[in-house]
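Trainee: Shown below is the structure under consideration.
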Amino acid sequence: MRMAELSAESGVPVATIKYYLREGLVPSGELTSPNQAQYQAKHLQRLKLVRALLEVGGLSIVDVRDVVRAIDDRAPTHELLGVAQHGLFVRKNEVDEESRAWARALIDDIAAQRQWTLEEGDPYVKSLVSLLCTFRDLGHSHLLGIFPHYAEIADAVALVDLEAIGDLPTAEQMVESAVVGTILGDAVFIALRRIAQQFASRKMFGEDPPAAG
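What follows is the structure, encoded as structure tokens:
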């Protein structure tokens, strides 16, 4: 298809497609004349991936370029998904050394229980350190007793997530599904958790709110 057809099929404006081409996010089409090029289904699929990474995943242009470069270089699947996940939201709060050591000890203990290998400098470990420290700073560190249960659930969810994309035919589809599934899956899980909490609260505490005092 021509550029105009690619735009109509993908819903991406021509000017945006040209920008993606300049930035190396989408491969060049096959030249049919000095000013004309033909595009194929692979270009349409790449546009869908780029839009998913930018709009759903919130990745930067630089992060998206890293993802598509890993795809084009035929990086191993584990490495490829790691590149895609790298740009997703990470919470960053400054914490003091004592708090960091406290939180990291909890995380290392859970990692040992789950047989996880934590990489040095992992941004999600740093994010988890900040979150655990926030629990403690707010005076709710007692809630961390459920931390091991969360880790067990996370293990099960991760396995389901990866099984869901493992049979997809292309690297682009795997990355797109992983990012979209992570972002929207988080929102779905939050909604399910709220529904379950309502049911559990009604079951444990009854319909009526507690009396004042």
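With this note's numbering as the guide, the letters of the sequence shown map in order to residues 1393 to 1605. Note that beta-carbon positions come from the ideal geometry of N, C-alpha and C, so glycine has one too.
Give the single residue among 1413, 1422 and 1499 whose Cα lies nearest to the Cα of residue 1393.
Mentor: The option with the nearest alpha carbon to residue 1393 is 1422.
Trainee: Give every residue of the same chain whose Cβ lies closer than 8 Å to the Cβ of residue 1453, excluding the five residues on either side of it in the sequence, and list them in chain order.
Mentor: Hits under 8 Å: 1415, 1417 and 1446.
Trainee: For a test of the three-state rule: what should DSSP assign to residue 1536, helix, strand or coil?
Mentor: Residue 1536: helix per DSSP, three-state reduction.
Trainee: Do residue 1459 and residue 1567 come within 8 Å of each other at the CB atom, strictly closer than that value?
Mentor: Yes. Within cutoff.
Trainee: If you check the beta carbons only, do residue 1520 and residue 1499 fall under 8 Å apart?
Mentor: In this structure, residue 1499 lies closer than 8 Å to residue 1520 by Cβ.
Trainee: With H, G and I counted as helix, E and B as strand and the rest as coil, what does DSSP make of residue 1562?
Mentor: Residue 1562 falls in the coil class under three-state DSSP.
Trainee: Which class does residue 1574 belong to by DSSP, given the choice of helix, strand or coil?
Mentor: DSSP places residue 1574 in helix when its eight states are reduced to three.
Trainee: If I measure Cβ to Cβ from residue 1407 and keep anything under 6 Å in the same chain, skipping five residues before and after, which residues do I get?
Mentor: Answer for residue 1407: no residue qualifies.
Trainee: Starting from residue 1428, trace the beta strand (DSSP E) in both directions and tell me its first and last residue.
Mentor: From DSSP, the beta strand (DSSP E) with residue 1428 extends over 1428–1430.
Trainee: Tell me the rounded alpha-carbon separation between residue 1580 and residue 1586.
Mentor: Each residue's alpha carbon lies about 10 Å from the other.
Trainee: Just mark residue 1542 as buried or exposed, buried being the case when its beta carbon has 16 or more other beta carbons within 10 Å.
Mentor: Exposed, by the Cβ-count rule.
Trainee: Say whether chain D places a C-beta atom closer than 8 Å to the C-beta of residue 1438.
Mentor: Protein chains in the displayed structure number just one, and chain D is not present.
Trainee: Please name the residue or residues paired with residue 1425 in a DSSP beta bridge.
Mentor: Paired residue(s): 1428.
Trainee: Under 8 Å by Cβ, that's how I've got residue 1449 and residue 1575 pegged, so tell me the actual separation to the nearest angstrom.
Mentor: Yes, residue 1449 and residue 1575 are in contact; Cβ-Cβ is about 6 Å, under 8 Å.
Trainee: If you draw a straight line from the alpha carbon of residue 1527 to that of residue 1533, how long is it in whole angstroms?
Mentor: Approximately 5 Å between the Cα atoms of the pair.
Trainee: Take residue 1491 and list the residues in its own chain whose beta-carbon comes closer than 6 Å to its own, dropping the five residues that flank it on each side.
Mentor: If we look at residue 1491 and ignore the five residues flanking it on each side, its Cβ neighbours are 1525.
Trainee: Rounding to the nearest angstrom, what Cα-Cα distance links residue 1433 and residue 1471 in this structure?
Mentor: C-alpha separation (whole angstroms): 25 Å.
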